[in-house]
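Quick note: the sequence shown uses my numbering, first residue 181, plus one each step.
In this text, a Cβ means the ideal position worked out from N, Cα and C, and glycines have one as well.
For reference, the structure is listed below as structure tokens.
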Amino acid sequence: VVAQVVDESDIPEDGRDRHLSDITENADDAPVVRLVNSIIARGVHDGASDIHFEPQAREVLVRFRIDGVLRSITQVPLRFANGVSSRIKIMSDLDISERRVPQDGRVGLTVGGRHLDLRVATLPTVHGEKIVIRVLDRNNVVRDLGELGFASDTLKRFESCYTRPYGAVLVTGPTGSGKSTTLYGTLNQINSIDRNIITVEDPVEYRMHGVNQVQVNAKAGMSFAAGLRSILRCDPDVVMIGEVRDRETAKIAVESALTGHLVLATLHTNDAASALARLGEMGVEPFLSASAVSGILAQRLARRLCEHCRQPHMVPTKVMRDMVADDRLPDSLPEQMQVYRGVGCSRCGGSGYKGRIGIYEMLVVSPAIESMIVQSAGPDEITRQAMSEGMRTLREDGLMRVMRGETSLDELARAVG
């Protein structure tokens with residue numbers, strides 16, 4: 181049974197934005213329509229970033245991704261599978277007769293005064309079409325960087341890079357690690373009337389006033405690289421690249437940073453120093469990376485312990501020492517330390533966690549590191565040098581959050597490894 185839903189919802193019939201009253205009171209709607217509407221509304225109410233409809237052998241499994249973790253919500257009888265798929269396709273203006281190939285669509289809706297974008301992706305499976313709905317809240321467009329949980333020294337190091345008039349600032353991490361939120365927050369910090377800021381994104385997740393945002397459209401020939409080439413003919417001061425995916429995009433990004441532009445971009449690597457190796461794999465010469473890149477921010481999102489049910493417990497300090505370099509924790513620490521864990525309550529849905537926090541690693545390219553990049557030093561060597569210059573690693577930043585009671589050791593291990 182789908183639980184309590186929000187009071188107001190807008191579930192469009194044809195992919196267009198529309199405003200309707202409480203969807204649960206639309207008694208004239210068909211059962212499948214009410215079912216889909218209720219599940220979507222429940223997902224929005226529960227703070228899901230993604231809603232999964234997954235056909236299985238005997239039922240359709242519905243799961244929500246909340247705070248980065250998938251949770252099973254309900255099961256829908258298999259006889260409704262085609263109806264659910266068709267309903268969502270109608271909403272997002274997709275071809276309801278095409279079930280053999282993946283499709284992508286979108287739908288706008290308003291829930292309780294919140295303007296949302298739903299990005300819909302379908303995928304044919306052996307049991308039917310899997311559908312994933314990504315929920316984007318337009319009102320959460322930008323947050324001040326100070327709200328993202330940076331330690332003060334890490335934020336200062338990051339600011340020292342993005343406040344420069346030119347150079348490349350890279351934000352790296354796996355999918356779902358908060359990179360886009362950080363980039364939007366950074367743009368918000370530097371957005372001013374005397375700056376021409378242009379972005380190329382896939383998709384444009386949030387719309388920003390005063391920023392020229394370009395949507396990638398591969399079918400029309402508008403790739404990241406093609407968009408970048410066009411952007412550079414439009415007199416930009418700041419260029420934001422949603423993701424550096426290929427050799428051509430990487431080379432244009434580096435060249436832009438070397439020709440007087442501030443370039444903000446994301447990559448997918450495990451830590452900050454590995455982003456330099458990734459640029460090399462994309463064909464960027466080390467001497468160009470050394471000159472162009474001013475800083476690299478690696479990040480993860482960890483679930484925040486529920487303040488209503490977290491409980492203290494003692495762990496051997498050796499457990500923490502094993503997670504970081506031997507000399508990074510004081511020798512004077514006791515043999516056991518108090519940390520916290522979540523036990524679960526009604527406020528957090530029994531998970532022990534509610535919300536998420538950022539964990540960061542900020543590498544500033546100093547003259548010493550620039551020289552190491554030119555000499556093709558490996559990520560481990562560069563990381564050690566950055567640590568000697570004040571960089572806190574992801575694990576160290578995470579341990580600091582554990583000792584503050586913000587997250588747990590288990591969650592840190594899940595988020596960072």
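Closest to residue i by C-alpha separation, out of the options, would be which residue?
i	options	result
Leu468	Val434, Glu487, Ala478	Val434
Gln395	Glu423, Pro416, Ser372	Glu423
Ser546	Met567, Asp382, Phe244	Met567
Thr362	Ser372, Ile246, Val351, Ser410	Val351
Arg387	Gly353, Val419, Leu316, Arg337	Leu316
Tyr364	Glu385, Arg344, Gly353	Glu385
Gly326	Gln369, Gly288, Gly347, Asp511	Gln369
Ile537	Ala221, Leu289, Asp284, Gly358	Gly358
Arg598	Ile549, Asp577, Gln555, Ser556	This structure cannot settle anything about residue 598, because the visible part of the chain is limited to 181 through 597.
Gly524	Gln491, Gln518, Gln516	Gln491
Val418	Arg427, Gly401, Thr439, Ile246	Thr439
Val554	Ala593, Asp590, Gly460, Glu586	Gly460
Asp297	Arg314, His307, Ser588	Arg314
Pro282	Val264, Gly308, Arg259, Leu456	Gly308
Val212	Leu258, Gly585, Phe244	Leu258
Leu477	Val300, Arg501, Leu574	Leu574
Leu335	Asp577, Gly597, Ser454	Asp577
Arg572	Met402, Asp451, Ile219, Val291	Asp451
Arg318	Val300, Thr290, Arg501	Thr290
Pro558	Arg458, Ala472, Val596, Tyr520	Position check: residue 558 holds Gly in this sequence, whereas Pro was assumed. That would be Arg458, whose Cα lies nearest to the Cα of Gly558.
Ala261	Met503, Gly329, Gln236, Asp273	Gln236
Arg245	Arg279, Val312, Val300	Val312
Rounded C-beta distance between residue i and residue j? I'm assuming under 8 Å.
i	j	result
Arg484	Tyr533	6 Å
Arg267	Val216	5 Å
Ser229	Leu241	Between Leu241 and Ser229 the Cβ distance is about 18 Å, and since that is not below 8 Å, they are no contact.
Thr429	Phe404	5 Å
Ile378	Pro416	5 Å
Gly356	Gly529	Wrong, their Cβ atoms sit about 19 Å apart, outside the cutoff.
Pro466	Ser556	5 Å
Thr497	Gln518	Between Gln518 and Thr497 the Cβ distance is about 11 Å, and since that is not below 8 Å, they are no contact.
Tyr540	Ser588	With a Cβ gap of about 18 Å, Tyr540 and Ser588 do not count as contacting.
Arg599	Leu447	No answer is possible for residue 599: the residues shown for the chain start at 181 and end at 597.
Note the first and the last residue of the continuous alpha helix (DSSP H) segment covering residue i.
i	result
Glu550	547-554
Gly263	261-271
Met500	497-501
Leu589	589-596
Ala445	No alpha helix (DSSP H) contains Ala445, which is instead part of the beta strand (DSSP E) from 442-447.
Arg409	404-411
In this structure, does DSSP put residue i in helix, strand or coil?
i	result
Asp417	coil
Ile246	strand
Ile123	Shown here, the chain extends from 181 to 597; a query on residue 123 therefore has no answer.
Leu371	The sequence shown places Asn at residue 371, rather than the Leu named in the question. Correct three-state label for Asn371: coil.
Thr204	Unreliable positioning characterises Thr204 in this predicted model, as indicated by a pLDDT of 37, which lies under 50. The coordinate reading is nonetheless provided below. Helix, per DSSP.
Gly475	strand
Val394	strand
Arg584	coil
Pro466	helix
Ala433	helix
Tyr364	helix
Thr343	coil
His389	coil
Ser252	strand
Glu561	helix
Asp297	strand
Val224	helix
Val504	coil
Gly422	coil
Leu513	coil
Met567	helix
Leu350	strand
Ala331	coil
Arg238	coil
Leu485	strand
Asp197	Because the pLDDT at Asp197 is just 44, under 50, the model does not fix this residue reliably, and the point stays unresolved.
Val216	helix
Arg280	coil
Arg490	strand
Arg480	strand
Val185	Model confidence at Val185 stands at a pLDDT of 36, short of 50, so the residue's coordinates are unreliable; what they give is reported in the following sentence. Correct three-state label for Val185: coil.
Leu274	coil
If you follow the beta strand (DSSP E) that residue i is part of, which residue opens it and which one closes it?
i	result
Phe233	230-235
Lys310	308-317
Gly288	283-291
Glu381	377-381
Gly460	Premise fails: Gly460 lies in the alpha helix (DSSP H), 454-461, not in any beta strand (DSSP E).
Arg521	516-522
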